[in-house]
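Residue numbers (my numbering): 41 to 144. The next block holds one structure in the form of structure tokens; read it before the comments.
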């Protein structure tokens with residue numbers, strides 16, 4: 041059975057700044073894909089930005105990947121999350137992620 045809802049990951053690197061734009065659903069099925077993408081991408085990054093304008097849903101698995109990225113970046117630079125819609129913002133608030141992440 042083909043999964044209808046997928047995650048599109050678009051990476052745009054400019055020097056030591058990386059912008060990751062996510063579109064679709066970040067859940068148990070797609071979080072490992074994002075984790076794999078990030079693992080090889082953060083070595084030379086000092087400034088990480090997630091753009092979540094078109095993210096429809098995020099599950100605990102997706103939150104875990106963002107937390108992992110935050111921990112990685114906290115020792116060597118900064119990470120921020122932009123374009124958070126109301127649904128995702130609500131999930132961030134309920135889980136306490138508004139206290140952990142820099143959300144613009």
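Glycine included, each C-beta is placed from N, C-alpha and C at the ideal position.
* **Residues near residue 89 in its chain [Cβ-Cβ closer than 8 Å; skip 5 each side]** => 57, 58, 59, 60, 119, 120, 121 and 122
* Taking the CB atoms as reference points, tell me whether residue 74 and residue 105 lie closer together than 8 Å. => yes
* Answer with buried or exposed for residue 65, where buried requires no fewer than 16 other C-beta atoms within 10 angstroms of its C-beta. => buried
* Asked: Which residues mark the beginning and the end of the alpha helix (DSSP H) in which residue 127 is found?
  -> 126-135
* Asked: Out of curiosity, what's the CA-to-CA distance linking residue 43 and residue 110?
  -> With a pLDDT of 49 at residue 43, under the threshold of 50, the modelled position of that residue is not reliable, and the figure given next carries that caveat. So the two alpha carbons sit approximately 29 Å from each other.
* How long is the line joining the alpha carbons of residue 49 and residue 135, rounded to whole angstroms? -> 23 Å
* Look up residue 59 in the DSSP assignment and give the residues it is bridged to. => 52 and 89
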